[in-house]
């Protein structure tokens, strides 16, 4: 109802933003295609990587699965859910473990791109209060959310729906936080780098569009797949208008208005997402249709295009370079070394920790194999080691080094909104380097196994291979970090320079358009050439700063002149072979396995939290939690007045789960749960009809709902990450309905 009369303006605004973006995308597509073909013909190879790269790192694996309590907004209850994180890092929530093993549809699918992981209700309430200025609950009033334990985990998004979870101990919270952060890190990196044309065309088009709106510098919401990024682009402009239009129409107490606002924002975001997807897909299809003709022209006229571009660049350089060099000398050059040092320290510490974790894991494995029994134990440990890079808890000590990254005054000077872009990028590099080291180690070890005799040989061989791999790691780590530092320095300084030069240069660029032949106008753009000239003005200083750091051997960086000769000439050929399955190859288990058993025994990267902690085993509360296929229990017509219904349910469910394990009535934990339970479900009588937004929404146009009884498509988010959130209901007996939990398709 809040959106009554606003759907048309929202669609109009979305169409306008996307129309401008698609024009930018079409222009950048031709430039990216030209650059791709030119690179293919000319080549520009840097140092050859020494470590092998695994092509399919997590095939048939699950990152993590375990039980967690989720707050269900529709009926204001905390429910036990079985959460599975598959190889594509989607969050998949099932009714319980049995539902997962029976391949029943999940309750919720979440693509976590753009989310922040919060571990306190206070953090969350601060963000919620800031999202709707002027609406803050008065002291003593119930806040929008209460958590029944001291260990919440909240997924917050500036536009989309929020998700509320909690666990029983601090150690559980730390592990789940590491798992969730890994999901966010992976989903944020949703634009495939394998695409040499579409990806650069898209990111350059986003940058050009934002610069046309005088928005320079890094952008926190450049995260997720292309449609999610475009939705964020639209919402960035649309949300202030919605806030001023809808904010005054919200009724009720402050927490209720905040809750309604979150629902409104989520509904608009989903609407924008569907419009953006349709319009962007159509733009990409048009470009792909023109691609063969464009590529043919590029290959035929490559030399002429290059000559024409160089002529244009020389004219722009003569006009821009003197001004750019003065700007660099006065405003950038004095700060390059400070920025570089701020980047180098935490990044290099993180990579050093990656090396240390890898060394420790292999050394521990070597000792255990010798002490516990040869090849059989080796297979068991190699199964675990092979996915070390994707173990969010073990990798956390590496990732958290980047939390030290502070640009302090430099951040304001260079208009860097947040350092999260650089932190996340460095963490992705760390994970990749760890996996490359592990994969190289297991490939070399696998090659040696047939030649070994006895434990002593095995121990010596493992140690020798470890030393070889560490040398390769040090070389590749230096190469990767130097490239990361150069890219980060450019990301920080180039937008600053463009903004500084815009008043004197940008208005004069139109006169250079006449220098481009009409036949080549799809491949040469004045704006792009201008940016390349600005980049050249600062690139020399950046390269020199990184080179000096390497010459001084700061943070174990190698000099550019240091070329590591390949001591394993056939190693890269080994890396092209079939991936090693240690269990199947050496354990002697039969190859065929029923699909249901295979799903039940899917290899899991992170061990189950409850097994490690010895605390509340969530899964035993089967009697307290609903089985798949059964209706929700009916609410008592006259609940006890002294205990709110939602409080009674939340406490009763967890109390019964505690009692099932012989923990009595839960002691202090149960008492704390009873004190901290949420407010009772409100009929929302204080919110008029026009201010309510229904939570149950139909599936987006063109998306087929999977069958409820079976259909694996509903079990995991697709590998390309659509950004959709789908809540599915299990099959129910005839004549029954679920109370408060409908079928939803959302982000």
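In this note's numbering, the protein residues as written are -16 to 730. Positions of the beta carbon are idealized from the N, C-alpha and C atoms, including for glycine.
CB of residue i within 7 angstroms of CB of residue j, strictly
i, j, result
"residue 97", "residue 140", "yes"
"residue 144", "residue 249", "yes"
"residue 14", "residue 427", "no"
"residue 100", "residue 163", "yes"
"residue 529", "residue 464", "no"
"residue 63", "residue 50", "yes"
"residue 482", "residue 310", "no"
"residue 168", "residue 418", "no"
"residue 337", "residue 416", "yes"
"residue 331", "residue 179", "no"
"residue 45", "residue 587", "yes"
"residue 525", "residue 472", "yes"
"residue 516", "residue 303", "yes"
"residue 371", "residue 344", "yes"
"residue 127", "residue 238", "yes"
Cα-Cα separation, residue i to residue j
i, j, result
"residue 175", "residue 182", "7 angstroms"
"residue 601", "residue 53", "With a pLDDT of 48 at residue 601, under the threshold of 50, the modelled position of that residue is not reliable, and the figure given next carries that caveat. Cα to Cα, the separation comes out at about 12 angstroms."
"residue 159", "residue 166", "11 angstroms"
"residue 400", "residue 358", "52 angstroms"
"residue 71", "residue 374", "14 angstroms"
"residue 188", "residue 219", "16 angstroms"
"residue 266", "residue 93", "27 angstroms"
"residue 284", "residue 278", "10 angstroms"
"residue 104", "residue 87", "33 angstroms"
"residue 323", "residue 230", "44 angstroms"
"residue 300", "residue 422", "46 angstroms"
"residue 200", "residue 520", "18 angstroms"
"residue 129", "residue 146", "13 angstroms"
"residue 455", "residue 170", "29 angstroms"
"residue 156", "residue 148", "10 angstroms"
"residue 494", "residue 12", "23 angstroms"
"residue 513", "residue 589", "49 angstroms"
"residue 195", "residue 7", "10 angstroms"
Assigned exposure category for residue i - 16 Cβ within 10 Å defines buried
i, result
"residue 134", "buried"
"residue -10", "exposed"
"residue 173", "buried"
"residue 22", "exposed"
"residue 599", "For residue 599, the pLDDT reaches just 42, beneath the cut-off of 50, and the residue's location in the model is therefore unreliable, leaving the point undetermined."
"residue 290", "exposed"
"residue 325", "buried"
"residue 275", "exposed"
"residue 260", "buried"
"residue 313", "exposed"
"residue 227", "exposed"
"residue 2", "exposed"
"residue 412", "buried"
"residue 692", "At residue 692, the pLDDT of 31 sits below 50, so the modelled position is not reliable; the number obtained from the coordinates is stated separately. Counting Cβ neighbours within 10 Å, residue 692 comes out exposed, since fewer than 16 surround it."
"residue 292", "buried"
"residue 282", "exposed"
"residue 475", "buried"
"residue 477", "buried"
"residue 434", "exposed"
"residue 43", "exposed"
"residue 40", "buried"
"residue 745", "What the structure shows of the chain is the stretch from -16 to 730, and residue 745 is not part of that stretch, so it cannot be assessed."
For residue i, the three-state DSSP class (helix, strand or coil)
i, result
"residue 180", "coil"
"residue 61", "strand"
"residue 48", "strand"
"residue 360", "helix"
"residue 587", "strand"
"residue 40", "coil"
"residue 375", "helix"
"residue 100", "strand"
"residue 388", "coil"
"residue 66", "strand"
Check: residue i C-beta below 6 angstroms from any heavy atom of the ligand COA
i, result
"residue 370", "This structure lacks the ligand COA, and indeed carries no ligand of any kind."
request  = Could you tell me which uninterrupted alpha helix (DSSP H) segments, each at least 4 residues in length, are contained entirely in the region 206 to 291, listed from first to last along the chain?
outcome  = 209 to 229 and 237 to 283
query = What are the uninterrupted segments assigned as alpha helix (DSSP H) that are 4 or more residues long and contained completely in the region 291 to 321, given in chain order?
reply = none
ask   = Which ranges does the beta strand (DSSP E) cover as unbroken runs of at least 3 residues, wholly within the region 434 to 462, from first to last along the chain?
value = none
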